[in-house]
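Engineer:
Numbering (the working numbering), first residue to last: 290 to 475.
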């Protein structure tokens, strides 16, 4: 049997939301072996590596889902709101981005990046702060179902700043890159 490269151990472990200790217990090996394998400082026995990959394979069906890492509730803004109000809302909720809505329907996104872009182009803050968010919004965040696997969410976050979790057409949560860091720091 051909085993995957050793570098896959850490990737798979993190994708499954496991700590080194949890993987070690499941694979019946020491945590220090897992740490040394991930650091590339040990040339392990085949039997130990096989046990680790077997444990990871058994856990694949138990991959974390969007609903387990999302931040519940979605703070957003209506497209007709002023940029000044949007900036205040971002600051109040300690956010860097949020969805833009037309009623209940997400039609775009608004972020600190939009404000910084306007300022860097020399736009007058007093003027653009009164403009509507809808005039300067970016693309909508992708949406996923609550049961979407973490691997799919992380792939979406490689190209987007956030992912909205929807259930039966209702926005129930949001996932940002910061939420993925929670998985690593379990």
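Ideal Cβ placement from N, Cα and C applies to all residues, glycine included.
#1: Who pairs with residue 354 in a beta bridge, going by DSSP?
#2: Are the beta-carbon atoms belonging to residue 472 and residue 303 less than 8 Å from one another?
#3: Looking at the structure shown, is residue 377 part of a helix, part of a strand, or coil, going by DSSP?
#4: What are the partner residues of residue 460, as DSSP defines its beta bridges?
#5: Could you give the distance in angstroms between the alpha-carbon of residue 339 and the alpha-carbon of residue 460?
#6: Just the C-alpha distance for residue 377 and residue 455, rounded to the nearest angstrom, thanks.
#7: Do residue 421 and residue 397 have their C-beta atoms within less than 8 Å of each other?
#8: Near residue 345, what residues of its chain come up, given a Cβ to Cβ distance below 6 Å and the 5 sequence neighbours on each side ignored?
#9: Quick check on DSSP: helix, strand or coil for residue 370?
#10: What is the DSSP secondary structure of residue 397, counted as helix, strand or coil?
#11: Short of 6 Å in beta carbon distance, which residues of its chain neighbour residue 395, apart from the five on each side in sequence? Order them along the chain.
#12: Helix, strand or coil, according to DSSP, for residue 317 in the structure here?
Structural biologist: Reading from the atomic positions:
#1: 438
#2: yes
#3: helix
#4: 455
#5: Straight-line spacing of the CA atoms in residue 339 and residue 460 works out to 42 Å.
#6: One C-alpha to the other measures close to 26 Å.
#7: Contact flag unset, no.
#8: 301
#9: coil
#10: strand
#11: 388 and 429
#12: coil
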